[in-house]
Structure formats: structure tokens, C-alpha cells
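Here the sequence shown is numbered in this note's numbering, starting from 63 and rising by one per residue. All C-beta atoms, glycine included, are put in the ideal place defined by N, C-alpha and C. Below is one structure; the comments refer to it alone.
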Amino acid sequence: MTHLVVVGASLAGLRAVEAVRRDGFDGEVTLVGAEEHLPYDRPPLSKEYLSAEECPDPRYREEETFAGDLDVELVLGTPASELDTTARTVTVGERTLSYDGLVIATGAHARALPGTEGIEGVHTVRTLDDAIALRAALRGGARRLTVVGAGFIGSEVAAVGRTLGLEVTILEALETPLARAVGERMGRALTHLHRRHGTEVRTGVAVEEVLAENGRVTGVRLGDGSRVDSDVLVVGIGARPATDWLEGSGLTIDDGVVADETLAAAPGVYVAGDIARWPNALFSDVAGGTMRLEHWTSAADQGGRAARHAVDPSSAKPYETVPYFWSDWYDGRVQFVGIAAGDHVEVVAGDDAEGGPFTAIYRAGDRIVGALAVDMPAEVMKYRRLIGGRKTWDDALELAEQRRQQREAKKAQQGAST
Numbered sequence: 063m064t065h066l067v068v069v070g071a072s073l074a075g076l077r078a079v080e081a082v083r084r085d086g087f088d089g090e091v092t093l094v095g096a097e098e099h100l101p102y103d104r105p106p107l108s109k110e111y112l113s114a115e116e117c118p119d120p121r122y123r124e125e126e127t128f129a130g131d132l133d134v135e136l137v138l139g140t141p142a143s144e145l146d147t148t149a150r151t152v153t154v155g156e157r158t159l160s161y162d163g164l165v166i167a168t169g170a171h172a173r174a175l176p177g178t179e180g181i182e183g184v185h186t187v188r189t190l191d192d193a194i195a196l197r198a199a200l201r202g203g204a205r206r207l208t209v210v211g212a213g214f215i216g217s218e219v220a221a222v223g224r225t226l227g228l229e230v231t232i233l234e235a236l237e238t239p240l241a242r243a244v245g246e247r248m249g250r251a252l253t254h255l256h257r258r259h260g261t262e263v264r265t266g267v268a269v270e271e272v273l274a275e276n277g278r279v280t281g282v283r284l285g286d287g288s289r290v291d292s293d294v295l296v297v298g299i300g301a302r303p304a305t306d307w308l309e310g311s312g313l314t315i316d317d318g319v320v321a322d323e324t325l326a327a328a329p330g331v332y333v334a335g336d337i338a339r340w341p342n343a344l345f346s347d348v349a350g351g352t353m354r355l356e357h358w359t360s361a362a363d364q365g366g367r368a369a370r371h372a373v374d375p376s377s378a379k380p381y382e383t384v385p386y387f388w389s390d391w392y393d394g395r396v397q398f399v400g401i402a403a404g405d406h407v408e409v410v411a412g413d414d415a416e417g418g419p420f421t422a423i424y425r426a427g428d429r430i431v432g433a434l435a436v437d438m439p440a441e442v443m444k445y446r447r448l449i450g451g452r453k454t455w456d457d458a459l460e461l462a463e464q465r466r467q468q469r470e471a472k473k474a475q476q477g478a479s480t
């Protein structure tokens with residue numbers, strides 16, 4: 063093994079090169095990125111980057127670190143355009159890179175709303191350039207923000223808009239926002255957070271037309287004929303894996319690149335991050351099939367694992383994980399571990415009627431498979447350990463009771479001290 067190529071200068075790509083260098087790999091390493099920017103942290107782009115008074119620097123490392131400490135060749139500003147798994151080559155612009163091991167971590171692209179091309183004031187939030195443009199728009203005298211899509215990215219942007227004093231409307235095609243991500247009941251609970259902070263949420267509505275004057279957005283017309291005026295329109299309707307360049311490569315493409323349990327997609331080729339679709343054995347008896355995650359923690363874990371397997375395929379082991387993500391809304395935090403599958407969800411702390419604080423757990427058969435917490439950060443990771451250990455629903459209820467008693471004891475102690 064003499065040359066590792068990592069395509070995708072994202073978190074997964076960065077963790078890939080860090081992992082093999084940390085393990086002592088002394089061969090050649092090349093990191094390819096479509097953007098001109100050095101690898102940067104994406105989660106803050108829809109949170110702190112938009113809301114902070116001083117614009118933060120989201121880069122993970124300085125350029126000198128890549129050439130020095132990591133001894134990595136950076137090929138930035140040009141996307142990979144072709145993969146030949148037989149010849150083991152990747153085409154990047156005018157260059158053809160030969161590899162012994164390859165990690166694909168090209169992530170995903172934000173989905174666009176049809177009919178918005180070239181209209182000023184319409185934004186997606188996926189890249190640093192997207193965030194730079196949206197930050198300027200939100201702080202450039204705008205009064206009304208409309209967000210299409212009540213997913214986590216759209217909700218974060220909506221929360222920032224309210225924090226900055228804008229009138230904010232969220233438009234969601236589903237009757238219950240986030241129902242696919244957290245279930246119907248918890249989707250309703252999270253919607254309360256928006257309404258509690260003065261954000262209007264309209265559900266079961268479809269955007270029929272984006273309205274513009276002189277090339278600039280003025281609002282949207284909905285399927286029922288009503289109009290929502292807007293100075294800034296943010297489209298948060300999900301992302302699609304960046305797999306176009308892999309057509310004809312021989313890899314199996316199905317809403318991502320399909321891999322085996324070790325993240326191998328072909329001999330010498332491994333996948334990581336938003337693009338990876340693999341069988342997560344931890345939930346095979348619950349959800350079955352394959353899983354693709356768009357989470358920061360999964361990208362970081364998979365990047366290191368995929369690179370180690372690419373450098374030494376004989377050491378490859380199945381990769382399983384308990385998914386984890388967080389989302390910052392207004393002055394609070396939403397956290398989720400596991401999967402929102404199964405046959406029952408139960409609130410075990412707090413009250414979800416007004417959006418929190420609360421903790422809820424998810425059951426599939428006799429197992430705990432998920433947990434959601436709103437403004438209860440000490441709770442969710444304890445359930446993550448149970449999920450990872452394939453513990454039972456009774457184990458989860460026992461933990462919930464222990465945590466309740468601990469909170470009551472702490473509250474009593476605080477009361478006595480005052």
C-alpha cells in the first residue's frame with residue numbers, strides 16, 4: 063500500500079487522513095475537494111455562523127498543517143469527475159490520480175426548489191459559501207424570512223431568523239414536521255418550540271410558485287392560492303448524495319453508495335459520511351436493510367474507519383454505530399440517539415405538551431432503539447449506551463426511574479441549601 067486517495071475534503075475526509083497518519087501510515091496521501099476552502103465544520107453554518115456577531119472561522123486546520131504535520135497533498139477547487147475501479151484511478155480536472163486505496167467521502171448536495179434558479183434572495187445551506195451569502199442576506203435589512211422545509215436545517219435557520227428579529231414563516235409539506243425523523247408525536251412536540259418563540263409554522267402546504275420582481279424574491283404562492291411575502295427564502299428540503307460522478311464506475315448507487323458491513327464498496331474502495339449506505343448490524347433485527355446517515359458524529363467515525371480499512375483491508379471489521387445528532391433551536395438544544403422506529407414512544411422525563419424540556423424513549427419489540435431529549439443534555443447519552451448494548455425496554459424504564467429519583471434528590475438538596 064503506497065498511495066491513499068481520499069475524495070471529499072469534508073469532516074469524513076479529514077478524519078480519514080488524520081487516522082492513517084496517526085496509525086503510522088507513511089505512504090502518499092492525497093485529499094481531493096470540490097470546494098476551494100480547506101476542510102471546515104458544517105454544523106455551525108446553520109447555527110453560530112449565522113447568529114454570531116463576529117463571524118467565526120469554521121476551518122478545522124490551517125493549510126500548513128496538511129503539508130507539514132499530516133504530509134497530505136491537497137487538491138482543492140476541482141471536483142472528481144470519474145472513477146475507474148479496474149484501473150484504480152480517479153480523474154480530477156486534468157489530472158489522473160492512481161490509488162492503492164480509496165475513500166469516497168463526497169457528501170451530499172442541498173436539494174433545490176424548482177423554478178428558483180437565478181432568483182436573488184433564494185438560499186440553501188450546505189456549503190461555507192452558502193452560509194456567507196445567507197448571513198449577509200439576514201443582516202442586510204431583511205424583515206421577513208420564509209423557510210421551505212421544517213427539517214433540522216430549516217428549523218435552525220428559522221430560529222436564527224427569529225433571534226435576529228425577523229418575521230419568520232416555516233412552510234412544511236407534511237402534516238407533522240419531522241415525522242420521518244422523530245415520529246408523529248415528537249414531531250408535534252418540536253413544532254411547539256417554534257410557535258412558542260413566535261415562528262409561524264404552516265403544515266400540509268406546498269409551494270406552487272416562487273414570486274419575484276426584477277430578479278429578486280418577493281414571496282411564494284402556495285397550492286391553496288395563498289401568498290407568503292418574503293425578503294429572504296431559504297430552501298431546506300433535504301440533500302441528495304453526491305454520486306453523479308460515480309456513474310459508470312461499477313459501484314452500486316442507491317441513494318448513496320452501497321457498501322458492505324466494513325464500508326467496502328469495491329476492492330480497495332471504501333465510503334464514509336453522508337454518501338455511505340451500509341448495513342448497520344446494531345439495528346438489523348429492527349429496521350433491516352441498509353442505513354445512510356447525515357450526522358457529524360457518523361461522518362467522523364466512518365472517515366477514520368474507512369481509511370484504516372483502505373490502508374489495511376485484512377484488518378477490516380464490521381462497522382456499527384448508534385446514530386447521534388443534535389440541533390440548536392433558539393436558546394435550547396434538541397438531541398437524538400438511535401432510530402425513530404418501533405411500536406411505542408414514551409416520555410420519561412419532563413413534558414412534551416409545550417415543547418420541553420423533556421426526554422422520550424422509543425421501543426421496538428422488547429428493545430430500546432431511540433431517545434430524544436429537549437433541553438435535558440444529561441439524559442440522552444445514558445440511553446445511547448443502553449441502545450448500543452442492545453438493552454431491553456425494561457432496562458430503559460429502570461434507568462428512567464433512577465434518573466427521576468436522582469433529579470428529585472438534587473432538587474430537594476438545592477431547596478434545603480436555600
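{"Asked": "Whole alpha helix (DSSP H) elements within the region 156 to 226, 4-residue minimum", "Found": "190 to 200 and 214 to 225"}
{"Asked": "Euclidean distance between Cα positions of Val210 and Ser288", "Found": "15 angstroms"}
{"Asked": "Close Cβ partners of Thr153 (< 7 angstroms) along its chain, the five nearest in sequence each way excluded", "Found": "Ala142, Ser143 and Glu144"}
{"Asked": "Thr147 to Thr314 span [Cα, whole Å]", "Found": "12 angstroms"}
{"Asked": "C-beta contact flag for Val442 and Gly404 at 7 angstroms", "Found": "no"}
{"Asked": "Validate contact between the region 271 to 281 and the region 446 to 453 using beta carbons, cut 8 angstroms, 3 pairs", "Found": "no"}
{"Asked": "Neighbour-count burial assignment, Pro118, 16 or more Cβ in a 10 Å radius", "Found": "exposed"}
{"Asked": "Alpha-carbon to alpha-carbon, Arg466 and Glu237", "Found": "33 angstroms"}
{"Asked": "Secondary structure of Phe345, DSSP reduced to three states", "Found": "helix"}
{"Asked": "Proximity winner among Ala368, Gly139 and Ala170, relative to Ala156 (alpha-carbon distances)", "Found": "Note that residue 156 is Glu in the sequence shown here, rather than Ala. Minimum Cα distance to Glu156 is reached at Gly139."}
{"Asked": "Given 8 angstroms, three or more beta-carbon pairs between the region 198 to 210 and the region 294 to 308", "Found": "yes"}
{"Asked": "Contacting residues, own chain, Cβ-Cβ under 6 angstroms from Thr225 (five flanking each side not counted)", "Found": "Ser113"}
{"Asked": "Identified DSSP bridge partners for Ile232", "Found": "Val209 and Val263"}
{"Asked": "Same chain, Cβ closer than 6 angstroms to His259, five either side skipped, listed in chain order", "Found": "Arg224 and Tyr392"}
{"Asked": "Contact belief for Gly281 with Pro303 at Cβ below 8 angstroms, rounded distance in angstroms", "Found": "The pair is not a contact, with the Cβ atoms about 31 angstroms apart (cut-off 8 angstroms)."}
{"Asked": "C-alpha distance - Glu126 paired with Ile166, whole-angstrom precision", "Found": "24 angstroms"}
{"Asked": "As assigned by DSSP and simplified to three states, the class of Glu460", "Found": "helix"}
{"Asked": "Whether Arg123 touches Gly183 by CB criterion (7 angstroms)", "Found": "no"}
{"Asked": "Simplified DSSP assignment, three categories, for Phe128", "Found": "helix"}
{"Asked": "Cβ neighbours of Leu159 in the same chain (closer than 7 angstroms, five flanking residues each side left out)", "Found": "Val67, Thr92, Thr151 and Val152"}
{"Asked": "Best match in Ser72, Ala402, Met63 and Glu356 for proximity to Glu90 [C-alpha to C-alpha]", "Found": "Met63"}
{"Asked": "Heavy atom of the ligand MG within 6 angstroms of Val184 beta-carbon", "Found": "Looking at this structure, you won't find the ligand MG or any other ligand, since it has none at all."}
{"Asked": "Strand pairing of Phe387, partner residues [DSSP]", "Found": "Phe398"}
{"Asked": "CA nearest to the CA of Ala368, picked from Val187, Gly394 and Trp340", "Found": "Trp340"}
{"Asked": "DSSP-derived helix/strand/coil call for Met443", "Found": "helix"}
{"Asked": "Assigned exposure category for His371 - 16 Cβ within 10 Å defines buried", "Found": "buried"}
{"Asked": "N- and C-terminal bounds of the beta strand (DSSP E) containing Ser113", "Found": "No beta strand (DSSP E) holds Ser113; the alpha helix (DSSP H) holding it covers Glu110 to Ser113."}
{"Asked": "Minimum C-alpha distance to Ala268 - residue among Asp286, Glu262, Leu252 and Arg84", "Found": "Asp286"}
{"Asked": "Buried versus exposed, by CB contacts within 10 Å (16 or more), Ala474", "Found": "exposed"}
{"Asked": "Candidates Ile215, Leu325, Asp336 and Leu228, of which the one nearest Asn342 by Cα", "Found": "Leu325"}
{"Asked": "Alpha carbon of Tyr386 to alpha carbon of Leu240, nearest angstrom", "Found": "16 angstroms"}
{"Asked": "Ala40 versus Val134, Val436, Arg173 and Glu234, residue with shortest Cα-Cα distance", "Found": "Here the chain covers residues 63 to 480 and nothing more, so residue 40 does not appear."}
{"Asked": "Close Cβ partners of His99 (< 6 angstroms) along its chain, the five nearest in sequence each way excluded", "Found": "Leu190"}
{"Asked": "Assigned secondary structure, Leu325 (DSSP; H/G/I helix, E/B strand, else coil)", "Found": "coil"}
{"Asked": "With 16 other Cβ atoms within 10 Å as the buried cut-off, status of Gly366", "Found": "buried"}
{"Asked": "C-alpha gap between Gly202 and Asp413, whole angstroms", "Found": "38 angstroms"}
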